[in-house]
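Single-structure report; data block below.
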Amino acid sequence: VWKHFGRVAPHGKEWKWMMENVLGVPARRTHQFELQSVRRNTFPYRCKCQEHQLTVRRHNRVVRGEAVYRCVHCGEQLVAK
Numbered sequence: 001v002w003k004h005f006g007r008v009a010p011h012g013k014e015w016k017w018m019m020e021n022v023l024g025v026p027a028r029r030t031h032q033f034e035l036q037s038v039r040r041n042t043f044p045y046r047c048k049c050q051e052h053q054l055t056v057r058r059h060n061r062v063v064r065g066e067a068v069y070r071c072v073h074c075g076e077q078l079v080a081k
C-alpha cells in the first residue's frame, strides 16, 4: 500500500482497495482463527505484601535471567512461589 499510494491512513480506503482488488481477499481487520490453543497461564510470584501473577512471557524472562520484577506497593523483588 505504501509503495503504491505513499503515506495514507492505516486500513483506510487505499488498503481496502488493495486487499479486495489486488489480493482478492475480503478487507477485514480482525482475525478469524481459533484461540483455544493459546494458553493463558500465569505463574505465582510473591513479595512481602502480596501474591502476583506473572504472564508466561515475564516468567520466562525471569527464568532466563533477563528481567527482575518488583512490587509496585512495597518495592520488593518478586520471587517464584
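Its first residue numbered 1, the sequence shown is counted upward by one per residue in full-length UniProt numbering. Every residue gets a Cβ at the ideal spot worked out from N, C-alpha and C, and that includes glycine.
The count of Cβ pairs closer than 8 Å, one atom from the segment 40 to 48 and one from the segment 56 to 69, reaches three, so the stretches are in contact. Every alpha helix (DSSP H) of 4 residues or more that sits fully in the UniProt domain "SprT-like" (1 to 81) is shown, in chain order, as 2 to 5, 13 to 17, 56 to 63.
Only residues of its own chain outside the window of five on either side were considered, and among them Y45, C47, H52, Y69 have a CB closer than 6 Å to the CB of L78, listed in chain order. Excluding sequence positions up to five before and after Q32, its CB lies less than 7 Å from no other CB in the same chain. Ranked by Cα distance from V56, the first of G24, A80, E34, Q50 is A80. Here L23 is exposed. Its C-beta has fewer than 16 other C-beta atoms within 10 Å. Between K16 and A9, the gap from beta carbon to beta carbon reaches 8 Å or more.
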